[in-house]
Each structure stands twice: as C-alpha cells, then as structure tokens.
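Asker: In the order they appear, the protein sequences are chains G and Y. Residue numbers for the first sequence follow the working numbering, so the first one is 11 and each next one is one higher. Residue numbers for the second sequence follow the working numbering, so the first one is 431 and each next one is one higher.
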Amino acid sequence: MGKVMIIDLSICNGCHNCQVACKDEHVANDWSPIAKPQPDTGQFWTKVINLELGTVPKVQVTYHHSICQHCEDAPCLEACPQKAIYRRTDGVVIIDPGRCRGNQLCLEACPYENVIYFNDDLNIAQKCTFCAHLLDQGWSETRCSDACPTGAFTFGDEDDPKIKEKIAVSELLKPELPTRPRVYYLNLPKKWIAGAVYDKEADECTEGATVTATNAATGEKVTTTTDNYGDFWLKNLSDGAYTILIEKPGYLTQKLGPIDATSKDQNLGDIVVWKA
Amino acid sequence: MAQDRAKNSTSGEKTLVRDISFCGVPENGSNASMVDVKDGKIIRIRPMHYDWKYDPQKDMNPWKFQVRGKTFEPSMKTLIPPYSIAYKKRIYSPARIRYPMMRVDWDPDGERNPQNRGKSKYKRISWDQALDIITSEMNRIKEKYGPTALLYQSDQHGENKVVQACHGAGRKLLRLWGGFTQQNRQPDSWEGWWWGSKHFWGCEPVGQGQQSNLLYDMSKNAELLLFWGCDQETTPWGWQGQLPSRLSYWWTELGIKQIYVCPDLNYAAAVHADRWIPVLPNTDAALYLAITYQWFTDGTYDKEYLDTHAVGVDEYKAYVMGDEDGVPKTPEWAAPITGVPARVIKALAKEWASKRTTVVIGNGGPGIRGPYATEAARLQNICLAMQGLGKPGINQAKMIEWGLFDKPDQYAQPKPLRVPYLRAAYTGGHPDETNHPSFIPKTYVPKAILEGECDWYGCESECADRKDQFVHYKYPAEGCSKIHAVWTDSPSWITCWNSGNDYVRAMQHPDIEFMWCQHPWLENDALLADIILPVNTKLEEDDIAGDIFSGQYNLLFPEHKCVEPLGESYSDYEIVCMLADRLGLLKEYTGGKTIPELIKYGWETSRCSDLISWEELNEKGYYVVPTADGWEEVPAGFYNFYKDPEKYPLTTPTGKLEFLATGLQKHFPKDLERPPVPKWVAKGISHEETIGTERSKKYPLLVCSNHPRWGVHSQHDDITWLREIPTCKIKGPDGYQYHPVWLHPSTAGERGIKDGDVVSIFNERGTVLGAAYITERIMPDVVYMDHGAKWDPIEPGVLDRGGAINTIVPRNTTSKNAVGHAVSGFLVEIEKTDLEAIKRKYPGAFERPFHPCAGPGLEACVMGGE
Chain G
11 MGKVMIIDLS ICNGCHNCQV ACKDEHVAND WSPIAKPQPD TGQFWTKVIN
61 LELGTVPKVQ VTYHHSICQH CEDAPCLEAC PQKAIYRRTD GVVIIDPGRC
111 RGNQLCLEAC PYENVIYFND DLNIAQKCTF CAHLLDQGWS ETRCSDACPT
161 GAFTFGDEDD PKIKEKIAVS ELLKPELPTR PRVYYLNLPK KWIAGAVYDK
211 EADECTEGAT VTATNAATGE KVTTTTDNYG DFWLKNLSDG AYTILIEKPG
261 YLTQKLGPID ATSKDQNLGD IVVWKA
Chain Y
431 MAQDRAKNST SGEKTLVRDI SFCGVPENGS NASMVDVKDG KIIRIRPMHY
481 DWKYDPQKDM NPWKFQVRGK TFEPSMKTLI PPYSIAYKKR IYSPARIRYP
531 MMRVDWDPDG ERNPQNRGKS KYKRISWDQA LDIITSEMNR IKEKYGPTAL
581 LYQSDQHGEN KVVQACHGAG RKLLRLWGGF TQQNRQPDSW EGWWWGSKHF
631 WGCEPVGQGQ QSNLLYDMSK NAELLLFWGC DQETTPWGWQ GQLPSRLSYW
681 WTELGIKQIY VCPDLNYAAA VHADRWIPVL PNTDAALYLA ITYQWFTDGT
731 YDKEYLDTHA VGVDEYKAYV MGDEDGVPKT PEWAAPITGV PARVIKALAK
781 EWASKRTTVV IGNGGPGIRG PYATEAARLQ NICLAMQGLG KPGINQAKMI
831 EWGLFDKPDQ YAQPKPLRVP YLRAAYTGGH PDETNHPSFI PKTYVPKAIL
881 EGECDWYGCE SECADRKDQF VHYKYPAEGC SKIHAVWTDS PSWITCWNSG
931 NDYVRAMQHP DIEFMWCQHP WLENDALLAD IILPVNTKLE EDDIAGDIFS
981 GQYNLLFPEH KCVEPLGESY SDYEIVCMLA DRLGLLKEYT GGKTIPELIK
1031 YGWETSRCSD LISWEELNEK GYYVVPTADG WEEVPAGFYN FYKDPEKYPL
1081 TTPTGKLEFL ATGLQKHFPK DLERPPVPKW VAKGISHEET IGTERSKKYP
1131 LLVCSNHPRW GVHSQHDDIT WLREIPTCKI KGPDGYQYHP VWLHPSTAGE
1181 RGIKDGDVVS IFNERGTVLG AAYITERIMP DVVYMDHGAK WDPIEPGVLD
1231 RGGAINTIVP RNTTSKNAVG HAVSGFLVEI EKTDLEAIKR KYPGAFERPF
1281 HPCAGPGLEA CVMGGE
C-alpha cells in the first residue's frame, strides 16, 4: 500500500502553508529515527517556487512545487555507499540520519531540483519524509497536505480509487527519467502567447477576431477568438516558435512572428488591425 | 480523519484548540487551530478539524451551495494562514520582551529627554519599580493637569483575545481613576465607505453594502465579478482564513468571469484573474465616472430603478456629461488620468451593463484608503445603483470580516444557528466605545500634540452613525487638558497610520513627559516608550474564544495555556489589574471576578450556553455551532430594498440612494473635497497626490500600498520562515533583510535600479529604504510596498531602514472634513541607495545588531545586549 502525493498547480494560491507547516514540523523537533531537525532557514523539504509569467497586463503567477519524489528507482538510494537511504514498505524513501555520514553523494545523484539539502551543523543530508513519523502514529496526511487550504495537495494510498482517478490524469515532473516517482502533478505550466487586438481608427477593442498560432517546426495549429477586450490567450502550447495570424472579416489580416515560446510565455501587447 | 485526530496519544502530545487570529476585537475570533504540546513545548500548530469530536451530519447541519450543476461545501478543517501555523516563531522571537524596561536617559526626577525617544537604549528594571513609576507619574500628571492629560491609545492591531484583551484593558480602570483622553480609531481599512458611502446608501455603522447571504447569491446569480482593489488572497487571512480562496477557484469552475481592477497584479489576481485591468493608484473615481458617462450615453442603465430608488440622479448626470463644468467625463477624458485605454473603459462599461455584476471588495484594499477615498467609494456605489443594486447577482460583496460588529447584515456566509458572543467577558476596549468630552481621532494625534490644538468633524467612535460626521469637535476639549502622557498597548501607529514620521515627532515633543507601553515585542511604537512592560502572547494565557469570521462554521472554545509565560511577562489584563491594585481600585476594576470566572462567564453569556454545557464544552474542547435551518432564504444583500424601497428604506435622510448626498449638502455645501455630488478630485487643499500636479514633477511615482501578504498590519514581521519568502523580504548586500518594493522593469530601468538593489523611497515627508523587486506584477510609474514592515529608524522621524512606508504617507486625512487616513495612492520618487554613504553618515544606526533572519531584536536596543 504505497503512499503518493498529487500536486495540482492550478489550485495553488501560493500561501506557502505547505512550506511553513513543514518547517513547523521539522525545525527544532527531532523525529529520529525518521528525521533529525531541519535548520531554521534556507532549507525547504517542500518548496514553493514563484513563477511570474508574461508582461503587463497579461501576467499570471504559477506556484510550482519541489518535493522529494520518493522514487521507486531512487538514484540517491543507489548512490549512498553507507546504505543510509532506504525505502519503506509504504514506498517512502528515508535518509537514515543515524547512518548518514555526510558524503553528499545523494545530492549529486538526485536528478530533481531542491530536494536533498545538506545540514552542515549535523553533517547529514536531509529531505522530505512524507512525515513518516506521523504516518506511523496513524496520521493519514502529511503536514503539508493537512495545511493546504485549497486541496492542491492530495496525499494518500495509491490503491485508493479516488487517488487512482487523479493519477490517471496526472503528469510526472520529468517523464523522461526512469525513476518512477511517487509524486504526481496536475496542470504543470504550459506556455502561452497572448495579446490584445484593437481597431486604432475606431479606438475599439476588436472582438471576435480569429487568432491562429502555427508551430513553425511541427505545423501544429492552435486557434482562439478574441473576447470583448480584444484579448486572446493561446494556451497549452508546446515549446517552439509560432507564427500568429489574426483574421476578421472586413479587416486586413495581420501576420506576426515567429514568436518564440520555448523559454517563456509571450505577451504580444496591443496589436492594431486595420479595416480592409 | 476524525479517528486519526482523536488518537493523538501514542506520542504523548496533548492537543489544544486555540484562536490564532489577529484582529483584536472580541466578535472577530477566527483561525481556530490545533496546537499540539508536549513537555511544555509547542510541537506543532495545524488546522483545526471540525469533525475531531463531532459528527458533521448529526451535529453541524452542514451547509452547501448547489448551483449551476455543481456543489461547494465548506472544508472539514479550518483554512488558517501561514502565520498562524508559524506562530511559535513569534512567541520565541528575538524581539520578545521578557522583563520590564526603562529608557536609559529618561529620568522622572531629572532630565526626561523626550527628543531621544526612538534613539535611546533600554535597561532592565523590576516590576515593582515599573509599577511604582507608572502610578506615581499617573498621579502626578492627574494632579498637575487633570486626568485628560493622559492619552490612552488602546485601539491598535494586536492578537485576538477576550478575557486577556490586548487593547484597552485600561479603559475601565481609567474611568474609575477619573477619566482620560481616548484615542479613537477610525475605520482604518474601509475609510472611503465609512466617510463616503454612508452618505450614499447609509448602511450603518460600517458603510459597506449589506452583505447578508451574498456568497450564495454571487454563486447562484452573478455573471461577472469585478474585484476592485480587492485581494482576497491577502487581506482576509489574519481575520478569517482562506475560504475566499476556495470560493474564488470555485467561481472560476462555475464559469463566472473574474476581472481585477488594481494597479498591482495582487495575489488574488495573480491566480484568479480572467483579466487584469491595471489602473493608476487612487484614480478609480475617474474610471467610474467614465463608465457612467458611457451608460448615460448608450442608455444602458436601469432608469426605472433609479426613478424609484434614487435621488439626485439629474445633478449627477449634469456633472458627468459636462453640463456643470464643461468637461464631459468621457472614457477619453479618463484614459490619461487612470492609465486605462479608452477602448478598454468602453469595453468594461459595455460588459458591466450587459451582465449581472457583483463588485467585490476586500474592505478597502489600497483602492479605498487614499486621498479623497470618499469619491471613489460613492462613485462605485453609483455604478452599482445604475445597474439595479440589490437585484440577484448585483451587489457589493466583501471578502473579509463576514459578521463584523456582530451585525446580521454583515453575514455574507450561510447563517449559523447562533453567533457566539463574547463581548460580556471581554476586558478590553471596543471600537464602539465613546469617551466624551475628551477624545482625539487617531489620525489627528500627531497634529494635536505638535500644534497644541485642532478641530475636526466626527469620529466619536469607529461605529458612529453618519450624523456624527456633522458634529464639530476640538482638542483640547472644553475643560480638558492638553496631552502630557501617553499609555499605549499592542501599538502599531508608526507602521500603520498616516504619516508615521509625524507621530514620531509628536512623541518626541517636550509636552509628552511620559510614555509607557505594554507589548510582547520590542517593535514599532514600543521603541518610543519610556517604560515598557512585557506582555504574554496569547498561547501563554488561558482564555475563551470564538471562531466567527471563517465563513465555514462558527465555533466556541475555552482556551488553555500552551506554554508558560516567557520571562516576567503577564497578560495585558493582569498588568492593568496590577496597576489597579496600586491605585486602590482593584476590586472595582475586576468586579470581583477572577480570570477563570471570567472565562466561564464568557460561556454563560455566549448565546450558546443552552446549546452546550460548560462540562461538555471543556470535555470536548470546542463547540461547533450548527448552520441555521433555512439559511438559503435570508434575503441577499440589498434585495429587500430592491423589491420594496418604501417598506425597506435605507438609513440615508431620504431613505433612497443619494446621488446627491442631502446630508453633505446641508452641512458642507461648499466642500470641494467631498462635495454633495461625488467628483473626481485631482487635488485640493488637503492633498496634491496625483500625476500631473506640480508635486508630481519632483515625485513622479504613485505608491500602491495594501495590507501585507505575510503579516497582519504590524504583526509577524519577525517570523524567519516568512522572511525567507522572496515577496516578504530581500537580503541586501549588508546582510540586512529589506522590505521589497515592487517596480516595473521600465520604472527600474529609467533609474538604473537592478533587482535586489537597496533603494530609497522618498518624498518631503521622509525616506524609507527597501529592496527592489522588479516585476511585471506592477504597472509602470507605480511602486508597490505594503505596510506593516517593522520600523527600524536610522534617524527617527526622517529615515527608516525597516521599510515602514507609512512613515511617509500623507499627513492630512481623507479630506478636510473627513478624518480618515490616506495611506495609499501618494507621490514619491525612488533611487538606488548609496548604502556606504548612509553608513558613513549614520554609523551608529548601522552598527546596531540585527538577527540575520528575523530582523531587529532586543539586543539592538538593550544596554549590554540580551
């Protein structure tokens, strides 16, 4: 009966309750043999990452989350010559604070970011334990999932039908890796291209224009229609460069691009269309 | 889950239910939390689970919204904010005061050095010494000047407590002692509604629209939500938690469009907005005017409704259309003022008129706490009126303080069977208390002391009726003294009110012979006091509490001490008892009741004593008030008025919506700053704080300042776990954590400012240091800096390192005849700070030690460190 965590980025409001509750649980509390105390600051066994996307006025914030993925094939576990890292029957991967000798090979081995931290004072590597000390006392939640107000964190058993349903539609943080993690994500950020179309002569927002983005490499097309503010958001784009076509009967067709949505989301700003 | 919570035993931990909220008034408890303790230590603080000891179906009468084919249910746990979870850090903060202290260069028998307040260090003294000095000073001042020479502040921003109340526990004592001058808090978070909207729609005493059942109404009926200067992901946290967040996500799921109108992409807009309309701070009045211009022009408003529900529409229309002043308030007119393109104003006006629209506010947010906030408030109300205020889906909803002042019409959430009431057991001062003849509106305290006399209208209390705004008052009141001593508790003046630097200068004035403070932390105004008394945090005390504001379920619970009081600290109530004892007034003061008796008295008078016995309450540890049957039928917002304005009149003089405020016309017909018909006021005798004015040539940037995300007003600024969040603090090159100031890349680029640079934000009222947070979350030509950062003066009254932006906000109030504070929407300039140059100029200030992760602590200010 393995434990899993599912994190839905689309309903994370960025309150940081998860990050703070983790500290409340682990700073100045010694949960040996599961975990020794976490340093007061600077380490985040569950970390909120603030991603600000776009430019004024098309701006959104996505809060991403780093946490130990509790991999079935955990590179950290293999990398530790002390055999200080082990997997429990519930799948939770633990760095045994009593066995860790501080060689830090696990930090190098972990292919995920912001997961394993080194505690200089204690000379040990530390990370998320899925609050195994609480699970062992009968808790059904971790501190982070209990503290989450919106339901962005779901913790449970992988055999639970409700959990299975969520896993079925979820994604992995790095699907290309063979690590088989126990942390799943919903709504990982995808790139977007946005803009606002207006008729400069009439000084009016142009509603109902068709906007098409074509991926220069694959030919993949995404289409949307401008709203009453002339706004369009082409969402869920694959990485790549796009050409943009703006069409409305009675207006000259506007062509823009190529727009590179590989490294960041793109707000094209105010786009003028002219009557034909 | 309920089962798991109840176990709670293998670990040897004990779970206590505590209210960890920060509004400071007895009706306003919230954020019920479970505190697990073991061996005198707080192990953890976590959400409280309603179903720990109760069966929801049997005991709680759960409510749900079932609309548009979807269901919303309250969470089975409380939705507490991060600073409730982190509260043990606050208890053990490096700034905790653990014993009484006295300013080293204040000598009651010799030199008092008032000019050194904010500069001097402190030394430890005994409780006996402290109480002796305070009572002898009280008596000396009373004898020399009369009791009104003592200003008791007693109304600031502290923890929620009932029997151990942290605000104004001394008011009753001072009445027994012979009197005092009361500092009267004005409605500091909803100024515009209080000083403006009351003249439009009444709605006493708050001034915001009627709220009853609006959460249900919005879910069921609204097609468009306009969040106007509202950040429900920030402002409600300390008062009630995060139900507004869950609701906002649900409204999106329902397909209800959310538009955010604000200068900043605030924390709610960042995750919920379908569209963000950036507007220059404090120019909303012009935007509303242009919207109504469009409606008058297109005929897209409810004329029949106005005929039966409103007065003064013609006068308003004459102003809007330019008949009165020759300036039609067109979208093109408003565009350069507001920074919103005319075409977007037109699109917004069109959309608003075509959809059932609720305007959503977060009390004020920055939008309603600026110069002339009365005008934006009334003009927003006018927009709602023109679309048929009170129709299903058409109201003004607030995302905070659901149930304020125990008023049923403030209850936006499903109504509980009873609202727990703890006022009878409350030992502190309440915002509705008056103290005639001697009081000063809080905003006028610096002016009163620095100028020696002043006069104003209104503010006899924060709950005063509209008509009080026409009553003229003065300082010193007839037969009363000027202020010569100040007593403050849980203070937060400098970092939360108007022109904090003026307040600092006032406290340094030679008239102020003595100032004493009681507070758990050495921070903000405490740094000005001559004597400081150490107070417990709430988790070190027994008490009783309610959770009223959560929007989920109401709770009543006795509170048990989680840890022993730190050092020599006592509760505020206990301290006042000690003073009462020395003044020979203890028996009269306590009424013969002990603290445990007061706590039990709280239950007896809670309105719930027939629903749960004292024994059962203590055994279970809490009581969940069931939802009232038939809550769905409570008329939403202004619905009754909409249906029948004659039968359900408003409390305005005409009983109608007053486009022309008849009360203002009668009393202040020539007031250009709050005229009878609301107007766009770019500048006036009180303020010159808009772009395009002469001052804006020197100070070209507008400040937007909301309540803080990572604290409540002045509270929580020392929590290390929050300070490491990038939007909370930014470490400067000197290792000091500066308060972030948001700058658009263009604003920063024009000034050569890079992300993370230490910058100076300044105007003629002073300078504040901050760290540049360069972001697209703020529009160009605007800077965002929230209030509440802990004051850390480099030169008191002039230059602050901590980032207390309120030190340089306007000193004048909302307008000439409205003594609200104006703390957002004002002009500054900003530049990269030459830290080395400042260090050379003020070596002493920069040598003061600070905690690298918690900020300034006790050791900076105590002789010999500690």
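For each residue, glycine too, the CB sits at the ideal point set by N, CA and C. The model shown is predicted, which means the values in this text are computed figures rather than measured ones.
Report all residues from its chain with a CB closer than 7 Å to the CB of Pro921/Y; omit the five preceding and five following residues, and keep chain order.
Answerer: One-based indexing of the second sequence puts residue 921/Y at position 491. Within the same chain, Pro921/Y has close Cβ partners Gln583, Gln586, Cys947, His949, Asn954, Asp955, Ala956.
Asker: Which residues in chain G sit within 8 Å of Glu1206/Y, going by Cβ to Cβ distance?
Answerer: On the second sequence, residue 1206/Y is found 776 positions in, with the first residue counted as 1. Those are Glu62, Gly64, Thr65, Val66, Val69, listed as they occur along chain G.
Asker: List in chain order: all unbroken alpha helix (DSSP H) runs of 4+ residues lying wholly within the stretch 101 to 128 of chain G.
Answerer: The qualifying runs are 115 to 119.
Asker: Buried or exposed: where does Pro708/Y fall if 16 or more other Cβ atoms within 10 Å of its Cβ makes it buried?
Answerer: On the second sequence, position 278 is the one that residue 708/Y refers to. With 16 or more Cβ atoms within 10 Å of its Cβ, Pro708/Y is classed as buried.
Asker: Kindly list the residues whose CB is nearer than 7 Å to the CB of Asp1002/Y, restricted to its own chain and excluding five residues on each side of it in sequence; keep chain order.
Answerer: Locating residue 1002/Y in the second sequence gives position 572, counting from the first residue. Closer than 7 Å at the Cβ level, and outside the excluded window around Asp1002/Y, lie Gln594, Ala595, Cys596, Ala599, Asp919, Gln948, Val965.
Asker: Over what stretch of residues does the beta strand (DSSP E) that includes Asn1193/Y continue unbroken?
Answerer: If you number the second sequence from 1, residue 1193/Y lands on position 763. 1188 to 1193 is the span of the beta strand (DSSP E), which, as asked, contains Asn1193/Y.
Asker: Of all Cβ atoms in chain G, is any one closer than 8 Å to the Cβ of Thr501/Y?
Answerer: One-based indexing of the second sequence puts residue 501/Y at position 71. No, its Cβ sits nowhere closer than 8 Å to a Cβ of chain G.
Asker: Which residue wins for smallest C-alpha separation from Thr164/G, given the options Gly148/G, Lys184/G, Arg192/G?
Answerer: Residue numbering aside, residue 164/G sits at position 154 when the first sequence is read from its first letter. Closest option to Thr164/G, Cα to Cα, is Arg192/G.
Asker: Look at the alpha carbon of Phe1089/Y and the alpha carbon of Tyr731/Y, and state the distance between them as a whole number of angstroms.
Answerer: Taking the first residue of the second sequence as position 1, residue 1089/Y is located at position 659. Taking the first residue of the second sequence as position 1, residue 731/Y is located at position 301. Each residue's alpha carbon lies about 15 Å from the other.
Asker: Give me the Cβ distance between Lys231/G and Gly260/G, rounded to the nearest whole Å; I'm assuming they're in contact under 8 Å.
Answerer: As a first step, residue 231/G must be located in the first sequence, where it is residue number 221. As a first step, residue 260/G must be located in the first sequence, where it is residue number 250. Actually they are not in contact, since the Cβ atoms of Lys231/G and Gly260/G sit about 23 Å apart, beyond 8 Å.
Asker: Once DSSP output is grouped into helix, strand and coil, what is the label at His143/G?
Answerer: Within the first sequence, the letter at position 133 stands for residue 143/G. Helix.
Asker: With Val750/Y as the anchor, note down where its alpha helix (DSSP H) starts and where it stops.
Answerer: Residue 750/Y sits at position 320 when you count from the first residue of the second sequence. Segment 743 to 750, the alpha helix (DSSP H) holding Val750/Y.
Asker: Please list, in chain order, the chain Y residues whose beta carbon lies closer than 7 Å to that of Cys26/G.
Answerer: On the first sequence, residue 26/G is found 16 positions in, with the first residue counted as 1. One point to set straight first is that residue 26/G is His, not Cys, in the sequence displayed. Simply Pro512, Ile1155.
Asker: Nearest-angstrom Cα distance between Pro49/G and Ala38/G?
Answerer: By 1-based counting over the first sequence, the position of residue 49/G is 39. By 1-based counting over the first sequence, the position of residue 38/G is 28. If you take the alpha carbons of Pro49/G and Ala38/G, they lie about 8 Å apart.
Asker: Which of helix, strand or coil does DSSP assign to Phe835/Y?
Answerer: Along the second sequence, one-based indexing puts residue 835/Y at 405. Note: Phe835/Y maps to helix in three-state DSSP.
Asker: Using a Cβ-Cβ cut-off of 7 Å (strictly less than) and excluding sequence neighbours within five positions of Ile1149/Y, which residues of its own chain qualify?
Answerer: Taking the first residue of the second sequence as 1, we reach residue 1149/Y at position 719. Counting only Cβ-Cβ distances below 7 Å, and skipping sequence neighbours, we find Tyr513, Ala516, Lys519, Arg520.
Asker: Pick from Glu883/Y, Asp973/Y, Ile962/Y, Phe835/Y: whose alpha carbon is nearest that of Ala936/Y?
Answerer: On the second sequence, position 506 is the one that residue 936/Y refers to. Here the closest residue by C-alpha is Glu883/Y.
Asker: Can you name, in chain order, every residue of its own chain whose Cβ lies under 7 Å from the Cβ of Cys25/G, other than the five neighbours on each side?
Answerer: Start at 1 with the first residue of the first sequence, and residue 25/G comes out as number 15. If we look at Cys25/G and ignore the five residues flanking it on each side, its Cβ neighbours are Pro159.
Asker: For Asn438/Y and Arg533/Y, I'd like the C-alpha separation in whole angstroms.
Answerer: Your numbering for residue 438/Y matches position 8 in the second sequence. Your numbering for residue 533/Y matches position 103 in the second sequence. For Asn438/Y, the predicted structure reports a pLDDT of 49, less than 50, and the residue's modelled location is therefore unreliable. The matter cannot be settled from this model.
Asker: Does the stretch 1006 to 1017 of chain Y come close enough to the stretch 968 to 986 of chain Y to have 3 or more Cβ pairs within less than 8 Å?
Answerer: No, the stretch 1006 to 1017 of chain Y is not in contact with the stretch 968 to 986 of chain Y.
Asker: Please state if the CB of Asn1236/Y and the CB of Ala1252/Y are separated by a distance shorter than 8 Å.
Answerer: For the purposes of this step, residue 1252/Y is taken as the residue at position 822 of the second sequence. For the purposes of this step, residue 1236/Y is taken as the residue at position 806 of the second sequence. Not a contact, by the Cβ cut-off of 8 Å.
Asker: Using only alpha-carbon positions, find the residue among Thr664/Y, Glu1206/Y, Ala1010/Y, Gly756/Y that is nearest to Met829/Y.
Answerer: Mapped onto the second sequence, residue 829/Y falls at position 399. Nearest of Thr664/Y, Glu1206/Y, Ala1010/Y, Gly756/Y to Met829/Y, Cα basis: Thr664/Y.
Asker: What's the C-alpha gap between Leu1047/Y and Glu970/Y?
Answerer: Position 617 of the second sequence, counted from the first residue, corresponds to residue 1047/Y. Position 540 of the second sequence, counted from the first residue, corresponds to residue 970/Y. One C-alpha to the other measures close to 21 Å.
Asker: CB-CB under 6 Å to Ala1010/Y, same chain, minus the five flanking residues each way: which ones, in chain order?
Answerer: Position 580 of the second sequence holds residue 1010/Y. Excluding sequence neighbours, Ala1010/Y sits near Leu603, Leu1016, Tyr1019.
Asker: If we define contact as Cβ-Cβ less than 8 Å, is Asp50/G a contact residue for chain Y?
Answerer: Walking along the first sequence from the start, residue 50/G turns up at place 40. Yes, because at least one Cβ of chain Y sits closer than 8 Å to the Cβ of Asp50/G.
Asker: Do Lys776/Y and Pro761/Y come within 8 Å of each other at the CB atom, strictly closer than that value?
Answerer: In the second sequence, counting from the first residue as 1, residue 761/Y sits at position 331. In the second sequence, counting from the first residue as 1, residue 776/Y sits at position 346. For Pro761/Y and Lys776/Y, yes; Cβs fall inside 8 Å.
Asker: If I measure Cβ to Cβ from Lys591/Y and keep anything under 6 Å in the same chain, skipping five residues before and after, which residues do I get?
Answerer: Locating residue 591/Y in the second sequence gives position 161, where the first residue counts as 1. So the qualifying residues of the chain are Lys968, Asp973.
Asker: Relative to the C-alpha of Gly1034/Y, which residue among Thr1057/Y, Arg853/Y, Leu1229/Y, Gly1067/Y is closest?
Answerer: Within the second sequence, residue 1034/Y is the residue found at index 604, counting from 1. Looking at the sequence shown, residue 1034/Y is not Gly but Glu. Ranking the options by Cα distance to Glu1034/Y, first place goes to Arg853/Y.
Asker: Can you say whether Glu175/G is buried or exposed, counting buried as having 16 or more other CB atoms within 10 angstroms of its CB?
Answerer: One-based indexing of the first sequence puts residue 175/G at position 165. Exposed is the call here.
Asker: With a 10 Å radius around its C-beta and 16 neighbouring C-beta atoms as the bar for buried, classify Arg111/G as buried or exposed.
Answerer: Numbered from 1 along the first sequence, position 101 holds the residue referred to as residue 111/G. Counting Cβ neighbours within 10 Å, Arg111/G comes out exposed, since fewer than 16 surround it.
Asker: Contact between the stretch 1168 to 1184 of chain Y and the stretch 1198 to 1208 of chain Y: three or more CB pairs below 8 Å?
Answerer: Contact holds: three or more Cβ-Cβ distances are below 8 Å.
Asker: Using DSSP bridges, identify the partner residues of Cys1134/Y.
Answerer: In the second sequence, residue 1134/Y corresponds to position 704, counting from 1. Per DSSP, Tyr1214/Y.
Asker: Would you mind telling me which residues of chain G sit closer than 7 Å to Ile475/Y, beta carbon to beta carbon, in chain order?
Answerer: Against the second sequence, residue 475/Y aligns to sequence position 45. Asp34, listed in chain order.
Asker: Could you name the residues of chain C that Thr160/G contacts, counting a contact when the two beta carbons are closer than 7 Å?
Answerer: Going by chain labels, chain C is absent from the structure shown, which instead holds the protein chains G and Y.
Asker: Which same chain residues, not among the five before or five after Gly430/Y, have their C-beta less than 6 Å away from its C-beta?
Answerer: Outside the shown range of chain Y (431 to 1296) lies residue 430/Y, about which nothing can therefore be said.
Asker: Shortest alpha-carbon distance to Gly685/Y belongs to which of Leu1041/Y, Leu654/Y, Gly820/Y?
Answerer: Counting from 1 along the second sequence, the entry for residue 685/Y is found at position 255. That would be Leu654/Y, whose Cα lies nearest to the Cα of Gly685/Y.
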